[in-house]
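Quick notes on the structure that follows.
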Ligand code: ZN
């Protein structure tokens with residue numbers, strides 16, 4: 002095998018669990034200014050929404066998605082064995098702008114520095130950790146349809162923060178089967194990169210042997226998906242991972258991409274997803290996310306599903 006085959010190119014999407022779809026739309030599409038690129042249901046539970054946010058087309062590396070588990074009993078705990086933050090990138094000159102915008106809307110912001118980059122750290126309404134990292138070189142085109150000026154708009158995901166009790170197995174999986182390269186270490190954090198490297202292609206492994214183990218539920222991240230260009234690459238990765246002893250799922254048709262799932266040895270659920278066919282496969286690119294789209298196996302039950310789903314509005318606007 003050579004380096005041009007069976008390669009993961011970076012992050013595809015990160016999926017988290019929230020409690021309330023409208024509150025979530027207002028935060029991610031309104032306050033953070035991402036485009037809602039798909040309104041569908043959880044394919045494993047069609048009585049609940051699955052909402053997707055990203056850039057204009059929902060390009061791999063820009064996408065965050067949410068399931069909704071309402072109520073206090075559905076709360077999870079952020080901790081080891083999970084992807085533990087949604088980390089976006091924005092130009093360095095916009096960090097102050099973001100801090101003011103967030104604080105104006107009562108979001109408490111902390112400033113950090115990591116690997117020489119400035120970071121704004123805050124939490125979404127479900128207490129999921131969110132960060133904006135100042136990145137000088139990120140040429141991805143931001144979505145500006147939510148009214149955030151292009152010079153400030155978020156460029157997409159920056160890195161995947163993977164927190165595990167013992168880093169060795171996770172680091173070995175990234176380096177070997179997944180072909181990431183170690184970039185640098187700082188304290189208990191090791192940064193790896195995939196493909197051509199840079200923002201959207203980082204995986205940070207954090208070793209936290211003293212903290213609590215995470216438990217799934219609202220307010221936590223459910224899984225991280227890595228991007229591959231096509232089905233052939235996905236199938237090759239499936240075989241390689243199985244050969245290394247990983248339990249890998251069959252290929253699942255998620256309508257907008259094809260996916261396989263496996264759990265890395267630190268406990269984090271990983272997915273590999275294809276860059277194609279993308280979100281314009283079942284609705285026009287201009288109106289992505291506006292109408293409720295159902296996978297064909299549920300289309301016959303549309304009336305019942307629409308009755309069960311709480312009505313949601315487009316994001317409220319923030320100034
Ligand atoms: Zn996924």
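In my numbering, the protein residues as written are 2 to 320. Here a beta-carbon is modelled for each residue, glycine too, at the ideal position from N, C-alpha and C. In this text the structure is predicted, and so the values were computed from the model without any measurement.
1) Looking at residue 227 and residue 329, is the spacing between their C-beta atoms short of 8 Å?
2) Within 10 angstroms of its Cβ, does residue 239 collect 16 or more other Cβ (buried), or is it exposed?
3) Among the candidates 53, 70, 68 and 72, whose CA atom is the shortest distance from the CA of residue 62?
4) Anyone know if the C-beta pair for residue 195 and residue 10 falls short of 8 Å?
5) Note down, in chain order, each residue of its chain lying with its Cβ closer than 7 Å to the Cβ of residue 309, except the 5 sequence neighbours on either side.
6) Assign residue 5 to one of three DSSP states: helix, strand, or coil.
7) Following the continuous alpha helix (DSSP H) through residue 304, name the residue where it begins and the one where it ends.
8) Tell me whether residue 186 is buried or exposed, calling it buried when 16 or more other Cβ atoms sit within 10 Å of its Cβ.
9) Using a 10 Å radius around the Cβ and a threshold of 16 neighbouring Cβ atoms, would you call residue 171 buried or exposed?
10) Which of helix, strand or coil does DSSP assign to residue 69?
11) Pull up the distance between the alpha-carbon of residue 126 and that of residue 27, whole angstroms please.
12) Secondary structure at residue 40, three-state DSSP: helix, strand or coil?
13) Could you give the distance in angstroms between the alpha-carbon of residue 123 and the alpha-carbon of residue 202?
14) Taking the DSSP output, what are the residues bridged to residue 112?
15) What I want to know is whether the C-beta of residue 16 ends up closer than 7 Å to one or more non-hydrogen atoms of ligand 1.
16) Check this for me: beta carbons of residue 259 and residue 252, under 8 Å apart or not?
17) Compute the minimum distance between the beta carbon of residue 153 and the heavy atoms of ligand 1, and state whether it is under 7 Å.
18) Within a Cβ cutoff of 6 Å, which residues of the same chain sit near residue 69, ignoring the five residues on either side of it in sequence?
19) Below 8 Å, how does it come out for the segment 79 to 98 and the segment 156 to 171: are there three or more Cβ pairs, yes or no?
20) Nearest to residue 167 by CA position, among 133, 311, 212 and 256, is which residue?
21) Closest to residue 205 by CA distance: which of 315, 256 and 165 is it?
22) Taking residue 189 as the reference, which of 12, 115 and 103 has the closest Cα?
23) Can you check the segment 119 to 193 for any beta strand (DSSP E) of at least 3 residues that lies completely inside it and give the ranges in chain order?
24) Between which two residues does the alpha helix (DSSP H) carrying residue 97 extend?
25) In the DSSP assignment, find the alpha helix (DSSP H) that holds residue 91 and state where it starts and stops.
26) To the nearest angstrom, report how far apart residue 297 and residue 230 are at their CA atoms.
27) State yes or no: is the C-beta of residue 260 nearer than 7 Å to some heavy atom of ligand 1?
By the coordinates alone:
1) No information on residue 329 is available, as it lies outside the stretch 2 to 320 that the chain covers here.
2) As a first step, residue 239 is located in the chain shown; it is residue number 238 there, counting from the start. By the neighbour-count rule (16 or more Cβ atoms within 10 Å), residue 239 is buried.
3) For the purposes of this step, residue 62 is identified with residue 61 of the chain shown, where counting begins at 1. Residue 62 has its Cα closest to that of 53, out of 53, 70, 68 and 72.
4) Residue 195 sits at position 194 when you count from the first residue of the chain shown. Residue 10 sits at position 9 when you count from the first residue of the chain shown. Yes, Cβ-Cβ distance for residue 195 and residue 10 is below 8 Å.
5) The count along the chain shown starts at 1 and reaches residue 309 at position 308. Within the same chain, residue 309 has close Cβ partners 48.
6) The residue given as residue 5 occupies position 4 in the chain shown. Residue confidence is low: residue 5 scores 46 on pLDDT, short of 50, so the model does not pin down where it sits. Its coordinate-derived value is still stated next. Residue 5: coil per DSSP, three-state reduction.
7) Translated into the one-based positions of the chain shown, residue 304 becomes position 303. Run containing residue 304: 303 to 309, per the alpha helix (DSSP H) assignment.
8) Here residue 186 refers to the residue found at position 185 when the chain shown is read from its first residue. The residue in question, residue 186, is exposed, as its Cβ has fewer than 16 Cβ neighbours within 10 Å.
9) By 1-based counting over the chain shown, the position of residue 171 is 170. Answer is buried; the Cβ neighbour count reaches 16.
10) On the chain shown, residue 69 is found 68 positions in, with the first residue counted as 1. Note: residue 69 maps to strand in three-state DSSP.
11) Taking the chain shown and counting its residues from 1, the one referred to as residue 126 is at position 125. Taking the chain shown and counting its residues from 1, the one referred to as residue 27 is at position 26. Our two residues, residue 126 and residue 27, have alpha carbons roughly 10 Å apart in a direct line.
12) Position 39 of the chain shown holds residue 40. DSSP, read as helix, strand or coil, puts residue 40 in strand.
13) Here the question's residue 123 lines up with position 122 in the chain shown. Here the question's residue 202 lines up with position 201 in the chain shown. Each residue's alpha carbon lies about 22 Å from the other.
14) Counted from its first residue, the chain shown places residue 112 at position 111. Bridge partners of residue 112: 121.
15) In the chain shown, counting from the first residue as 1, residue 16 sits at position 15. Yes, since a heavy atom of ligand 1 falls inside the 7 Å radius drawn around the Cβ of residue 16.
16) Counting from 1 along the chain shown, the entry for residue 259 is found at position 258. Counting from 1 along the chain shown, the entry for residue 252 is found at position 251. Going by C-beta atoms, residue 259 is nearer than 8 Å to residue 252.
17) As a position in the chain shown, residue 153 is number 152, starting the count at 1. No, the Cβ of residue 153 stays beyond 7 Å of every heavy atom of ligand 1.
18) Here residue 69 refers to the residue found at position 68 of the chain shown. Here the set comprises 19, 22, 49 and 50.
19) Enough Cβ pairs lie closer than 8 Å, so yes.
20) The residue labelled residue 167 in the question sits at position 166 within the chain shown. Ranking 133, 311, 212 and 256 by Cα distance to residue 167 puts 212 first.
21) For this step, residue 205 is matched to residue 204 along the chain shown. Measuring from the Cα of residue 205, the nearest candidate turns out to be 165.
22) Position 188 of the chain shown holds residue 189. Of the listed residues, the one whose Cα sits closest to residue 189 is 115.
23) 130 to 135, 157 to 165 and 182 to 187
24) Here residue 97 corresponds to residue number 96 of the chain shown, with the count starting at 1. Its alpha helix (DSSP H) spans residues 96 to 105.
25) The sequence position of residue 91 within the chain shown is 90, counting from 1. Careful: residue 91 lies outside any alpha helix (DSSP H), inside the beta strand (DSSP E) at 83 to 91.
26) Here residue 297 is taken as the residue at index 296 of the chain shown, counted from 1. Here residue 230 is taken as the residue at index 229 of the chain shown, counted from 1. Those two C-alpha atoms are separated by around 24 Å.
27) As a first step, residue 260 is located in the chain shown; it is residue number 259 there, counting from the start. It does: the Cβ of residue 260 is within 7 Å (strictly closer) of some heavy atom of ligand 1.
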